[in-house]
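Visitor: Sharing a structure, written as C-alpha cells. Questions coming.
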Amino acid sequence: MKLVRYGRPNKEKPGLIDEEGKLRDLSGVIADIDAGQLSDKALRKLAKIRPETLPLVRGQPRFGAPVAGVGKFIGIGLNYADHAAEAGLALPSEPIVFMKAISSLSGPDDPIMLPKGSKKTDWEVELGVVIGSRAQYVSEDEALNYVAGYCVVNDVSERAYQLERGPQWDKGKGCDTFGPVGPWLVTRDEVIDEQRLDLYLEVNGKRMQTGSTEAMIFSVAKIVSYLSQFMTLEPGDIIATGTPPGVGAGRKPQRFLKKGDTVRLGIAGLGEQQQDVVAYQTR
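In my numbering, the protein residues as written are 5 to 287.
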C-alpha cells in the first residue's frame with residue numbers, strides 16, 4: 005500500500021493511493037496514519053480494504069508527512085562510501101547517528117525555508133525507514149520485521165551550522181522545513197529489496213545526485229538493529245539512512261541553495277518530492 009496524509013498543515017486526513025494512482029480518503033476507516041496503524045496486524049487490516057469502496061479525493065491537495073505523531077527523527081551520516089570520499093572523511097566503522105528535530109518535519113512539496121543568516125543550506129536525498137513496532141535489542145536478521153515501510157526524505161542541512169559551529173551536527177539538521185518526508189509511505193511488503201533502490205536529486209532541473217541504496221555501507225537491517233541497542237525504536241519513528249554523493253558541499257566549486265531554487269528528488273517506487281526554496285518566515 006501507499007499511505008498518505010493530505011490537506012492543510014496540522015489538519016491532514018489519512019488516505020491511500022490506489023492502483024491507478026488516484027487518492028482515496030481513509031478518514032472513514034481510521035482517524036490518522038500514526039503509531040497505532042503501523043503494526044503488521046493493523047496494516048494487514050487496511051490492506052483488506054478495496055480501494056474502490058473508498059471516496060475519491062478530487063483535485064490536487066497538499067500532502068503532509070505520511071506519518072503523524074513522529075516521536076524520533078533519526079539520521080545516519082556518511083553511509084555511502086563515495087559521499088564520505090567527497091566530504092574528505094574516513095569511512096565510519098560504526099553508523100554515525102544524529103537527531104533531526106521533530107519540528108523540522110514538513111510535507112514533500114512544502115517550501116524549504118532558508119534559516120536566518122544561512123549561507124550553506126544543502127540537499128540530501130535519502131531512503132527513509134518508518135518503524136512499525138517497538139524494537140529493543142533486535143538482531144540484524146530480525147530487524148526488517150520491525151519496519152512498517154519506506155519513504156523519501158530530503159535531509160536538508162545547513163553546513164556552516166553543522167560543521168563550523170561546534171562538534172554536534174544537530175544544529176545544522178533540525179531547522180524548520182529541513183525534513184521533507186513523503187509523498188507516501190510504501191509498506192514493507194511492496195518493496196522487494198530495500199538495498200536496490202535508485203535515488204536521484206535535481207536542483208533547477210540539473211542532476212546533482214544519482215545513486216543506489218546498494219552502495220550503503222550499513223544496510224537498513226544493520227541500522228535498525230544497531231540503533232535498537234542504544235534506544236528503543238517506537239512505531240512512527242523515522243530513520244533517514246544516508247545520502248549518495250553529489251551534495252552541494254562536495255561540489256567544486258561548492259553550490260548551496262538560494263532563494264528561488266527548486267529541488268526535485270525521488271526514489272524508485274517511493275515517489276517524488278519538489279520544493280521551492282524561500283526566505284525564512286515564521287511557521
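Ideal Cβ positions, reconstructed from N, Cα and C, are used throughout, including at glycine.
#1: Taking all protein chains shown into account, decide if K125 is buried (16 or more other Cβ within 10 angstroms of its Cβ) or exposed.
#2: How close, in whole Å, do the beta carbons of I34 and P59 come, if the pair is a contact with beta carbons under 8 Å?
#3: Starting from the Cα of K226, find the closest Cα among Y141, K120, L27 and give me that residue.
#4: Is it true that the CB of S122 sits closer than 7 Å to the CB of E162?
#5: Do P187 and G264 have their C-beta atoms within less than 7 Å of each other?
#6: Give the DSSP bridge partners of M220, in chain order.
#7: If we call anything under 7 Å between Cβ atoms a contact, is F67 one with V8?
#8: Can you list, in chain order, the stretches of the beta strand (DSSP E) that have 3 or more residues and sit fully within the region 215 to 264?
#9: My understanding is that I135 touches P70, with C-beta atoms under 8 Å, so please give their C-beta distance in whole angstroms.
#10: Assuming V101 contacts L231 under a Cβ cut-off of 8 Å, what Cβ separation, rounded to an integer in Å, is found between them?
#11: Grab me the residues of A244's own chain with a C-beta within less than 6 Å of its C-beta, minus the 5 sequence neighbours each way, in chain order.
#12: Comparing alpha-carbon positions, which option in K76, N83, S223, P248 lies nearest D202?
#13: To the nearest whole angstrom, what separates the beta carbons of N83 and M220, a pair I think is in contact under 8 Å?
#14: Taking the straight line between their C-alpha atoms, what separation do you get for S216 and V281?
#15: Which word fits R192, buried or exposed, when buried means at least 16 other C-beta atoms lie within 10 angstroms of its C-beta?
#16: In chain order, what residues of the same chain lie with their CB nearer than 6 Å to the CB of A139, ignoring the 5 residues before and after it?
#17: Taking the alpha carbon of G63 as the point to measure from, which residue in L93, K76, R28, P55 has its own alpha carbon closest?
#18: Cα separation between S110 and F77?
#19: If you check the beta carbons only, do G176 and Y165 fall under 7 Å apart?
#20: Can the beta-carbon of A105 be found less than 7 Å from the beta-carbon of G178?
#21: Please report the distance separating the alpha-carbon of E146 from that of M235.
#22: Verify whether the separation of the beta carbon atoms of M103 and D174 is less than 7 Å.
Guide: So, from the listed chains and residues:
#1: Checking the sequence, you will find Thr at residue 125 rather than Lys. The residue is buried, with at least 16 neighbouring Cβ atoms inside 10 Å.
#2: Actually they are not in contact, since the Cβ atoms of I34 and P59 sit about 14 Å apart, beyond 8 Å.
#3: Y141
#4: yes
#5: No, the Cβ-Cβ distance between P187 and G264 is not below 7 Å.
#6: Y84
#7: Going by C-beta atoms, F67 is nearer than 7 Å to V8.
#8: For the region 215 to 264, whole beta strand (DSSP E) runs of length 3 or above, ordered along the chain, are 242 to 244.
#9: About 13 Å; that fails the 8 Å criterion.
#10: 7 Å
#11: G79, E130, G132, V157, D159
#12: Selection K76, N83, S223, P248 evaluated against D202 yields P248 as nearest (Cα-Cα).
#13: Your pair N83 and M220 checks out as a contact, with CB atoms roughly 5 Å apart and the cut at 8 Å.
#14: Across the structure, S216 and V281 are spaced so that their CA atoms are roughly 26 Å apart.
#15: buried
#16: If we look at A139 and ignore the five residues flanking it on each side, its Cβ neighbours are Y150, S232, L237.
#17: Closest by C-alpha distance to G63, out of L93, K76, R28, P55, is R28.
#18: If I take the Cα positions, the gap works out to 12 Å.
#19: Their beta carbons are under 7 Å apart, which means G176 touches Y165 by this criterion.
#20: yes
#21: Each residue's alpha carbon lies about 17 Å from the other.
#22: With contacts defined as CB atoms closer than 7 Å, M103 and D174 qualify as a contacting pair.
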